[in-house]
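These notes concern the structure reproduced below.
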Amino acid sequence: MGEVSMKGKKKELQDALKSLESCCPKDVSDSIQKTLSSELRKALLNLERARSREQWLREESDALLEGMTIIISSENTRKAFNTVLEVLKRLLSLDDAFVLREQGNGCLSAVASTSSLFENLVWQPGAMFRHVLAGNSVNVRDISISTDWQEQLPEIRRNVSSALHTPFKTITGRAMLVCTSSRVGFFNKSRIQLLERFSPLAGQALYNLEINDLLRDEINERKQAEESLEAALTDLRNAQEELIIANEALTHEIQERRKAEDALREAYDDLELRVEQRTTELRDSNILLSREINERRRAEEEKGKMFAQLLQSQKMESIGQLAGGVSHDFNNLLTTIIGYSELALKMLPQSDPVREYITYIDSAGEKAAALTRQLLAFSRKQMLEMKIVNLNSIVDNLGKMLTRMIGEDIVLGMHTREKVANIIADPTQIEQILMNMAVNSKDAMPHGGHLSIRTADVIISAEKDVKHLGMSPGAYVMLSVQDTGEGMTKEVQKEIFEPFFTTKVRGKGTGLGLATVYGIVKQHNGFIYVDSEPGQGTLFSIYFPATEEQVPEHELALPKPKTFRRGTETVLVVDDDASIRSLVADTLTPLGYTCLNAANSKEALQHAQTYKETIDLLLTDIVMPEMNGPALAALFKKQYPESKVIFMSGYLSGVDITSIITRGGAFLRKPLTPTTLLNKLGEVLGSREKMTGKKGVVH
Ligand SMILES: Nc1ncnc2c1ncn2[C@@H]1O[C@H](COP(=O)(O)OP(=O)(O)OP(=O)(O)O)[C@@H](O)[C@H]1O
Ligand SMILES: [Mg+2]
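Okay, so the sequence shown: first residue is 2 according to my numbering, each after it adds one.
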């Protein structure tokens, strides 16, 4: 519409000029004509100006329109952006145009450019660039006076003389349109106005570009996602198919497995049962095995112990045999010595000086007899006269003698007030024990001390303690001897019961004391323990099996007769030792007895058959060649059932003396003396004497 009116106006003016010239009267002065013409020319010039302005405006709006169209219609946003800049460059006769966008780090970078000069550059924003970013257009008429531009590459500085910066905003931040020219002061007011109007277009273009980039990125991403989704779906589908196939196989396998599992479970149950059975069997056999091992071990230990015992008993046996053999002859010799000493002493008047010599012989004989007894006792060959006795009465009876023996420096304490059970023992042997121990304690207390003798009932239970090891459970009577003497080391304690072991000087000890004690204790089925430490004194504890039997009343009351019984009885004396036979005859004949002598059983039986009168008593040795005493007694008794028998022996020789005594036989220990012989005779014939009324006593 503008164009029409312009053209119209121009035509109008030209037409007016023409009509003015034509209608102007000739008489119009030249001056007027000149004025009119100049006015017309001015009007024409103005018209020309207006026309070029209109042209400019048209081009500008054409360019804007073109830009808008491109922006709106273009699919290729980057191309559109570049095209916009190209249009701008052309429209404004620019050298170059580019867009700088603020990055996250605050730097500026060119996102689109009409020249490669500005591409890939990082622009450090100075004060001027920051001012532009803050929303202000800046026209740098001459870049040589702009610090921001002076910091750019020389190549840029060579090509750019002036620049116009117009800011705009995008979705991602701030940006600016930079237009450059190689001419200083290129950007005049109208260019600036145009560019300011244009810059929102650049913003829109950049916005589109960015949106487009984002969209493209997103579309690409989506496409990729879709593709991978599709691929995944395909995979899934394939997998599903495989799964279905696998599932069928799996179902089959599961079934198979289940079957196998069932079979396995059954097998496992079976195995468990078998393992349990086997374990039980093993456990049982293990128990049996360990029992067997224990038994074997016990048996081994037992064997070891038995072997040691065997060695010990063999040793004792050989010592015993030696002692037995020696003491047999010894006892016979001692019988003669002691017996005739005693007879001689009885016959000699009190004033006879020979009596003293005979007393010496008698006491030497007694000492020798004691030694023989010791020998027999430790080798356990001592002939025992077992009786039911009470330990308290034995200890009490010996008290006085012990007090005398231990001397004044040692205090004797007797603890026998508590009643104790009876035991079966040979009282003289128990006395022997006490004496040997008392002597030892005395020797252990050279500077005095205390000696305590105790008796007590003791029950040994099934749970044997260490101290009473080896003892079978049951009731015992304990006899303990304790002193406050020098005591013993463990080494000495191990040896003390060995025969001939002594720590005493030669001549002081023979080492038979405790061996004798041990032998006696063992012969009584007892046990002995020692408890001692050097400097702490010594305690010996002896245990005898208790008996419930009571001491016969006549034994409790029977005092030892001080007088000897006279007699008229006939006594058959059988001993292979002539001196024994002589002593018996020499003892008995003066008292009225008739003595028949026999050197052996054969002779004795001949006497028994040929003797016209009654033989009242058989006094026979036990150990004899050919036929021993008990065998002879058995035959003799057949002929003289009413007669009494007294056995004589010095040592144990395999004959069960206890059973002989219980069968009515009496026992006389060798070496016999006239006193012991007459006492025994009195004991044995006493009852018969009452019956027959024969009686006689000698003083
Ligand atoms: N009460 C005790 N205190 C300290 N040591 C003792 C005691 N009893 C025995 N002994 C030790 O035991 C050893 C052996 O004693 P045993 O009675 O067997 O022989 P002995 O006393 O030496 O000689 P014997 O008794 O034949 O005269 C003794 O030499 C002594 O060392
Ligand atoms: Mg001793």
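Think of the CB as a built atom: it goes at the ideal place given N, C-alpha and C, for glycine as much as any other residue.
Remember, it's a predicted structure, so these values are computed and weren't measured experimentally.
Which listed residue (the options) has its alpha carbon closest to that of residue i
| i | options | result |
| --- | --- | --- |
| Leu122 | Leu109, Thr115, Ser342, Leu134 | Leu109 |
| Leu538 | Ile529, Glu293, Pro447 | Here residue 538 turns out to be Gly, not Leu, going by the sequence shown. Ranking the options by Cα distance to Gly538, first place goes to Pro447. |
| Asn209 | Ala309, Ala113, Glu627 | Ala113 |
| Gly400 | Ala586, Ala98, Leu413 | Leu413 |
| Asn423 | Lys43, Thr280, Ala268, Thr548 | Thr548 |
| Pro642 | Ile616, Phe331, Glu301, Glu627 | Ile616 |
| Gly204 | Ala586, Thr173, Glu231, Val493 | Thr173 |
| Pro626 | Glu614, Glu604, Tyr612 | Glu604 |
| Pro553 | Asn287, Val531, Lys388 | Lys388 |
| Lys420 | Ala369, Leu392, Thr280, Met402 | Leu392 |
| Thr373 | Arg418, Glu409, Val327 | Val327 |
| Gly475 | Asn526, Thr511, Leu669 | Asn526 |
| Arg670 | Thr676, Gly683, Lys681, Met649 | Met649 |
| Ala176 | Val100, Ile359, Tyr594, Ala609 | Val100 |
Heavy atom of ligand 1 within 7 angstroms of residue i beta-carbon
| i | result |
| --- | --- |
| Asn601 | no |
| Phe502 | yes |
| Val459 | no |
| Ile320 | no |
| Ile497 | yes |
| Ala516 | yes |
| Asp532 | no |
| Asp484 | yes |
| Thr373 | no |
| Gly488 | yes |
| Lys491 | no |
| Ala505 | First, the residue type needs correcting, since residue 505 is Lys and not Ala in the sequence shown. Yes; taking the cut-off as 7 angstroms, the Cβ of Lys505 has a heavy atom of ligand 1 nearer than that. |
| Gly449 | no |
| Thr456 | no |
| Thr539 | yes |
| Ala324 | no |
| Gly400 | no |
| Asp410 | no |
| Asp444 | yes |
| Gly512 | yes |
Other residues of its chain near residue i: CB distance less than 6 angstroms, five sequence neighbours each side excluded
| i | result |
| --- | --- |
| Pro126 | Leu109 |
| Pro428 | Val390, Ile395 |
| Leu515 | Ile497, Phe498 |
| Gly694 | Its pLDDT being 36, under 50, Gly694 is placed unreliably by the model, and the measurement read from it follows with that caveat. Cβ within range, chain order: n/a, list empty. |
Cut-off 8 angstroms between Cβ atoms - residues of its own chain near residue i, not counting five sequence neighbours on either side
| i | result |
| --- | --- |
| Thr674 | Thr336, Ile339, Gly340, Glu343 |
| Met702 | Residue numbering for the chain in the displayed model covers 2 to 700; residue 702 lies beyond these limits and cannot be assessed. |
| Lys491 | none |
| Glu60 | Leu92 |
| Ile529 | Phe498, Val518, Tyr519, Val522, Phe541, Ser542, Ile543, Tyr544 |
| Gly687 | Arg566 |
| Thr404 | Leu413 |
| Leu559 | Because the pLDDT at Leu559 is just 47, under 50, the model does not fix this residue reliably, and the value given afterwards should be weighed accordingly. Cβ neighbours of Leu559 beyond the five flanking positions: none. |
Close-in-space but distant-in-sequence residues of the same chain around residue i (CB under 7 angstroms, 5 per side omitted)
| i | result |
| --- | --- |
| Ile362 | Ile338, Ser342 |
| Gln104 | Ser110 |
| Thr517 | Gln375, Ala378, Phe379, Gln433, Asn437 |
| Arg356 | Leu346, Leu349 |
| Tyr477 | Val459, Ile461, Tyr544, Phe545, Pro546, Ala547 |
| Gly450 | Ile411, Asp484, Thr485, Gly486 |
Three CB pairs or more closer than 8 angstroms across the segment 157-164 and the segment 192-208
Not touching, per the Cβ criterion.
What is the chain-ordered set of residues for which the beta carbon lies under 6 angstroms from any non-hydrogen atom of ligand 2?
Near ligand 2, residues with a Cβ at less than 6 angstroms from any of the ligand's heavy atoms are Asn437, Val440, Asn441, Gly510, Gly514; the list follows chain order.
Are there three or more Cβ pairs, one per stretch, closer than 8 angstroms when the segment 576-587 is compared with the segment 616-627?
At 8 angstroms Cβ cutoff, the stretches touch.
Taking contact to mean 3 or more Cβ pairs, one atom from each stretch, closer than 8 angstroms, check whether the segment 159-168 and the segment 131-148 are in contact.
Because the criterion of three Cβ pairs below 8 angstroms is met, the segment 159-168 and the segment 131-148 touch.
Just checking, does the segment 445-462 make contact with the segment 495-502 on the three C-beta pairs under 8 angstroms criterion?
Counting C-beta pairs closer than 8 angstroms gives fewer than three between the segment 445-462 and the segment 495-502, which falls short of the contact rule.
The segment 181-189 / the segment 95-102 touching (three or more Cβ pairs under 8 angstroms)
As far as the Cβ criterion goes, the segment 181-189 touches the segment 95-102, which means the pair count is three or higher.
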